[in-house]
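J.: The opening position of the sequence shown corresponds to residue 23 in my numbering, with each subsequent residue numbered one higher. Heads up, the beta-carbon is just placed ideally off N, CA and C, and yes, glycines get one too. For clarity, every value in this text was computed on a predicted model and none was experimentally measured.
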Amino acid sequence: MGKDFWKYITAVLIFGTNGIVASKIDLSSQEIVFLRAGIAGLILIALFLLLRKKSNALRYKREFGFLIIAGAATGANWLLLYEAFQQVGVGTGTLLCYCGTVIVMALGPVLFQEKLTREKCIGFLAVLTGLLCINGQALQEGKTLWGMLCGILSAVMYAVLVIANKNTSHITGVENPMWQITIAFLVVTAFLLFRRGLPIQVPGESWPFVLLLGCLTGIGCYFYLSSMGRLSVQTVAICGYLEPFAAVVLSAVLLRESMAPMQMAGAALILGGAMYAELAGKRVREKTEEFIRI
Numbered sequence: 023m024g025k026d027f028w029k030y031i032t033a034v035l036i037f038g039t040n041g042i043v044a045s046k047i048d049l050s051s052q053e054i055v056f057l058r059a060g061i062a063g064l065i066l067i068a069l070f071l072l073l074r075k076k077s078n079a080l081r082y083k084r085e086f087g088f089l090i091i092a093g094a095a096t097g098a099n100w101l102l103l104y105e106a107f108q109q110v111g112v113g114t115g116t117l118l119c120y121c122g123t124v125i126v127m128a129l130g131p132v133l134f135q136e137k138l139t140r141e142k143c144i145g146f147l148a149v150l151t152g153l154l155c156i157n158g159q160a161l162q163e164g165k166t167l168w169g170m171l172c173g174i175l176s177a178v179m180y181a182v183l184v185i186a187n188k189n190t191s192h193i194t195g196v197e198n199p200m201w202q203i204t205i206a207f208l209v210v211t212a213f214l215l216f217r218r219g220l221p222i223q224v225p226g227e228s229w230p231f232v233l234l235l236g237c238l239t240g241i242g243c244y245f246y247l248s249s250m251g252r253l254s255v256q257t258v259a260i261c262g263y264l265e266p267f268a269a270v271v272l273s274a275v276l277l278r279e280s281m282a283p284m285q286m287a288g289a290a291l292i293l294g295g296a297m298y299a300e301l302a303g304k305r306v307r308e309k310t311e312e313f314i315r316i
């Protein structure tokens with residue numbers, strides 16, 4: 023468990039730094055996502071071939087269909103999230119996107135026949151209140167409504183990719199992120215061709231950060247998806263909150279993104295509400311299983 027634990031922690035922290043690296047790239051958000059997905063996809067394909075893994079995509083066609091949906095949602099999530107980074111900042115954009123975890127909880131009773139407990143309702147209301155605090159403060163500071171909308175829509179796309187991934191239990195290991203990121207790259211490419219066309223002119227000083235972002239994404243995706251299946255649900259849930267926390271802290275330290283008291287309160291409500299709903303739900307499930315065993 024020690025090796026997998028540190029792989030997961032590394033992946034979460036990597037994802038928390040992606041917005042910081044992207045801020046050093048002098049390109050539009052769509053161009054950054056295109057290069058990020060392309061480099062990460064090549065790394066994952068190379069890793070899949072080097073490890074000589076067998077593909078399960080054709081054996082489980084229904085699951086591969088869900089993986090296509092997850093890949094398309096990943097591409098859309100990145101496009102929206104990186105636009106939010108440029109419009110409202112890395113910290114605020116990450117927090118808005120992380121509301122996607124609570125959207126999944128809210129849809130649980132409909133999609134997965136999960137009981138909507140009192141704890142989940144309290145957590146959902148806390149996140150909603152935090153979202154309103156952040157949005158209200160951001161708009162007062164003159165940040166664009168479009169940027170806030172992109173952050174919220176990225177949360178919706180995050181929820182879609184999480185739900186789709188729940189239906190890909192046989193396509194695991196490096197194959198899962200390989201297909202997912204490759205499909206995301208194709209979606210982003212189609213979007214760019216429709217909007218502005220290719221090729222992209224990358225300034226020389228931006229190339230080191232472009233390569234770093236792509237490599238970090240490929241490595242992070244592999245570490246994340248190859249380790250989380252071997253860790254307990256509680257460990258994954260708790261440690262996952264390091265991503266938005268790291269993004270908020272690093273954006274404040276490295277990018278000098280300040281947060282007003284209302285935004286700090288909103289951040290605390292989003293992270294605290296989501297964590298409370300997750301951990302309280304875990305305790306309820308454990309008590310139910312114990313009662314059934316008795």
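Evaluate the contact criterion for the region 53-70 versus the region 199-206: three or more CB pairs, one atom per stretch, below 8 Å.
T.: The answer is yes - the region 199-206 touches the region 53-70, with three or more Cβ pairs under 8 Å.
J.: Between which two residues does the alpha helix (DSSP H) harbouring A268 extend?
T.: Element bounds for A268: L264 to L276.
J.: Under 7 Å, do A106 and G173 count as touching if we go by C-beta distance?
T.: Yes.
J.: How about the region 282-290 and the region 45-63: do they share at least three Cβ pairs that are nearer than 8 Å?
T.: No: fewer than three Cβ pairs fall under 8 Å.
J.: Between which two residues does the alpha helix (DSSP H) containing P199 stretch?
T.: E197 to R217 is the extent of the alpha helix (DSSP H) around P199.
J.: In whole angstroms, give me the CA-to-CA distance for G295 and V232.
T.: Answer to the nearest angstrom: the Cα atoms are 34 Å apart.
J.: Go through its chain and collect everything with a Cβ distance to F213's Cβ below 8 Å, but skip five positions before and after it.
T.: Excluding residues within five positions, the ones whose Cβ falls inside 8 Å are Q52, G97 and L101.
J.: How long is the line joining the alpha carbons of L171 and V178, rounded to whole angstroms?
T.: Those two C-alpha atoms are separated by around 11 Å.
J.: Nearest CA to the CA of Y298: which residue from G93, V209 and V124?
T.: The shortest Cα separation from Y298 among G93, V209 and V124 belongs to V124.
J.: Which runs of the alpha helix (DSSP H) fall wholly inside the region 108-192 and span at least 4 residues, in chain order?
T.: 112-119, 122-133, 140-162 and 167-187, all fully within the region 108-192.
J.: Going by C-alpha to C-alpha distance, which of D26, G38 and K29 sits closest to L264?
T.: Minimum Cα distance to L264 is reached at G38.
J.: What span of residues does the alpha helix (DSSP H) with T239 cover, start to end?
T.: Where T239 is concerned, the enclosing alpha helix (DSSP H) stretches over W229 to S249.
J.: Might you give, ordered along the chain, the residues of its own chain that have their beta carbon closer than 6 Å to the beta carbon of I9, omitting 5 neighbours on each side?
T.: Since the first and last residues shown for the chain are 23 and 316, residue 9 lies out of range.
J.: According to DSSP, simplified to helix, strand and coil, what is A79?
T.: DSSP places A79 in coil when its eight states are reduced to three.
J.: So, are the CB atoms of Y9 and G122 less than 7 Å apart?
T.: Since the displayed the chain opens at 23 and closes at 316, residue 9 lies outside it and no answer follows.
J.: Among residues of its own chain, excluding the 5 on either side of N99, which ones have a beta-carbon nearer than 7 Å to its beta-carbon?
T.: Answer for N99: S176, M179, Y180 and L183, listed in chain order.
J.: Could you tell me whether the Cβ of M170 comes closer than 7 Å to any Cβ of chain B?
T.: As a matter of chain content, chain B is missing from the structure shown, which is built from one protein chain.
J.: Express the C-alpha separation of L73 and L153 in angstroms, rounding to a whole number.
T.: If you take the alpha carbons of L153 and L73, they lie about 43 Å apart.
J.: Where does L220 fall in DSSP's three states?
T.: Note: L220 maps to coil in three-state DSSP.
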